[in-house]
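Each protein sequence line maps, in turn, to chains B and D.
For the first sequence, position 73 (counting from the first letter as 1) is numbered 361 according to this note's numbering, and the numbering increases by one without interruption.
For the second sequence, position 19 (counting from the first letter as 1) is numbered 99 according to this note's numbering, and the numbering increases by one without interruption.
Every residue gets a Cβ at the ideal spot worked out from N, C-alpha and C, and that includes glycine.
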Amino acid sequence: MSTSTTLEEPKTGTWDGGNEPLKASYGKLMMWFFLLSDAFTFGAFLIVYGLSRHSHLPYTGRPEDFQFSTEWWPIPEKVFNAFPGFHGVDLPLAFVALMTMILILSSVTMVLAVEAGHRMDKNDVQKWLLWTILFGGTFLGCQAWEWTHFITGTDEGMLLADGTRVFGANMTMNQYGPPLFANLFFFITGFHGFHVTIGWVLLVIAFISTVNGVYHKRGHYEMVEKIGLYWHFVDLVWVFVFTFFYLI
Amino acid sequence: MAAHSDHSNDFHQTGEIPKAQTKVIWKTFFILVALTAVEFLFAFTMDAGTLRNAIFIVLTIFKAFYIVAEFMHLKHETKALIWSIIIPLALIMWLMVALISEGSYYFDSITNYFN
Chain B
289 MSTSTTLEEP
299 KTGTWDGGNE
309 PLKASYGKLM
319 MWFFLLSDAF
329 TFGAFLIVYG
339 LSRHSHLPYT
349 GRPEDFQFST
359 EWWPIPEKVF
369 NAFPGFHGVD
379 LPLAFVALMT
389 MILILSSVTM
399 VLAVEAGHRM
409 DKNDVQKWLL
419 WTILFGGTFL
429 GCQAWEWTHF
439 ITGTDEGMLL
449 ADGTRVFGAN
459 MTMNQYGPPL
469 FANLFFFITG
479 FHGFHVTIGW
489 VLLVIAFIST
499 VNGVYHKRGH
509 YEMVEKIGLY
519 WHFVDLVWVF
529 VFTFFYLI
Chain D
81 MAAHSDHSND
91 FHQTGEIPKA
101 QTKVIWKTFF
111 ILVALTAVEF
121 LFAFTMDAGT
131 LRNAIFIVLT
141 IFKAFYIVAE
151 FMHLKHETKA
161 LIWSIIIPLA
171 LIMWLMVALI
181 SEGSYYFDSI
191 TNYFN
């Protein structure tokens with residue numbers, strides 16, 4: 289019986305090694321998988337929101353007669369209807385619309401910075417990063433105002449059965465509805481705002497590095513691209529928070 | 081050596097910088113703005129209900145698609161990367177549906193317990 293062996297053909301398939309099956313750099317892949325895990329965290333928050341909302345009494349009367357009460361879950365349009373400089377005017381969702389626009393705009397300037405990085409255009413990267421920093425900072429300022437208003441409350445507050453009134457919100461009581469409503473507002477928008485803050489700091493670092501020519505010397509602007517991925521993800525989360533917390 | 085003689089941070093661009101290709105980016109931006117505007121239109125002209133919520137969720141998924149596909153460039157990545165991101169997120173949607181119906185059941189149980 290012959291014992292001669294033949295050399296096996298080297299394997300050259302996609303997953304046999306020696307190449308990049310996903311055709312993306314290590315850093316970008318890790319950013320993608322981090323964002324996936326972050327999506328689970330935000331997903332969990334929004335799922336808890338849905339669960340809590342469905343296990344509370346909904347408001348069933350006419351929307352015009354709506355009153356704040358701990359009995360039922362509030363209508364978001366009746367809670368988020370304030371705008372800086374228009375005290376006492378009922379402007380439902382106007383301020384949150386502005387915030388959404390600002391964040392989408394910052395996403396666009398971010399992707400323009402990434403595009404400029406592909407062309408190795410240092411001046412354009414600087415310009416668009418600076419716009420993104422400006423819009424991101426404005427969004428954070430808006431959120432600070434929104435929180436302040438939510439915590440301080442309205443002039444009327446909520447009338448309790450014993451005749452006293454509750455104003456604003458804290459972790460145990462709020463004038464808008466069941467305690468969970470304010471808790472989830474603080475946790476969901478707070479965790480999102482925390483992400484925006486981190487992204488903003490990363491953007492400032494990237495801007496300084498761009499001005500100093502760090503990326504130009506390196507030969508690519510991949511760092512801007514990775515921060516861009518993170519920044520778009522933050523915008524994406526806001527799209528969902530906006531729908532589930534403010535619209536529905 | 082004078083402190084200001086270090087010119088390693090100065091660059092002379094070699095070759096022409098290509099022209100910016102921003103058409104798709106601005107198109108995506110206008111789609112996102114339009115979808116948000118439509119959401120507000122529905123928020124102010126339609127009474128709250130299951131149908132309105134369904135419209136909001138569909139529009140949100142469209143917005144998410146444009147952000148992930150174009151801004152995050154996922155549409156232009158390899159199939160394997162696209163699926164490794166999409167499939168886990170699809171499972172999260174399943175959990176969301178499951179737990180929201182769980183919430184309704186819980187509400188039903190406690191309100192009808194003594195009836």
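Between which two residues does the alpha helix (DSSP H) harbouring B:His437 extend? Lys410 to Thr440
By DSSP's criteria, B:Ala457 is part of a beta bridge. Which residues make up the other side? B:Asn462
Let me know the secondary structure DSSP gives B:Met398 once reduced to three states. helix
Using beta-carbon positions only, say whether B:Leu379 and B:Phe371 come within less than 7 Å of one another. yes
State the Cα-Cα distance for the pair D:Leu139 and D:Phe124, rounded to the nearest angstrom. 16 Å
Residues from the stretch 131-146 of chain D in contact with chain B, defined by Cβ distance under 9 Å: Arg132, Asn133, Phe136, Ile137, Leu139, Thr140, Lys143 and Ala144
Determine the burial state of D:Asn89: buried for a count of at least 16 other Cβ atoms within 10 Å of its Cβ, exposed for fewer. Note that D:Asn89 has pLDDT 49, beneath the 50 cutoff, so the model's placement of it is unreliable and the number below is only indicative. By the 10 Å Cβ count, D:Asn89 comes out exposed.
Got a sec? Which residues, its chain only, sit under 7 Å from B:Pro466 by beta carbon, not counting five neighbours each side? His344, Thr358 and Trp361
Quick one: which chain B residues come within Cβ less than 9 Å of D:Ile105? Val396, Val399, Leu400 and Glu403
Given that a residue counts as buried once 16 or more other Cβ atoms are within 10 Å of its Cβ, and exposed if not, what is D:Lys143? buried
Compare the C-beta of B:His508 against all C-beta atoms of chain D and say whether one is closer than 7 Å. no
Interface positions of the stretch 152-184 of chain D facing chain A (Cβ-Cβ less than 7 Å), listed along the chain: Looking at the structure shown, chain A is missing, and the protein chains on hand are B and D.
Does any C-beta atom of chain D lie closer than 7 Å to the C-beta of B:Ser313? no
Kindly indicate if chain B contains any beta-carbon less than 7 Å away from that of D:Tyr193. no
Quick check on this structure: which residue in B:Asp409, B:Ile421 and B:Ala404 has the alpha carbon closest to the alpha carbon of B:Leu264? With chain B covering only 289 through 536, there is no way to say anything about residue 264 of chain B.
Since B:Lys331 and B:Glu510 are thought to touch, with beta carbons under 8 Å apart, how far apart are those beta carbons, to the nearest angstrom? Rather than Lys, the amino acid found at residue 331 of chain B in this sequence is Gly. Not quite, the Cβ-Cβ distance comes to about 28 Å (not below 8 Å), so this is no contact.
Cβ-based contacts, 7 Å cut-off: residues of the stretch 292-312 of chain B near chain D: Pro309, Leu310, Lys311 and Ala312
Assign B:Gln463 to one of two classes, buried (16 or more other C-beta atoms within 10 Å of its C-beta) or exposed (fewer than that). buried
Rounded straight-line distance, which links the Cα of B:Asp450 to that of B:Trp539: The first residue shown for chain B is 289 and the last is 536, placing residue 539 of chain B beyond what the model contains.
Among B:Ala470, B:Thr426, B:Leu418 and B:Trp416, nearest to B:His437 - alpha-carbon criterion: B:Ala470
B:Leu447 in three-state terms, based on DSSP: strand
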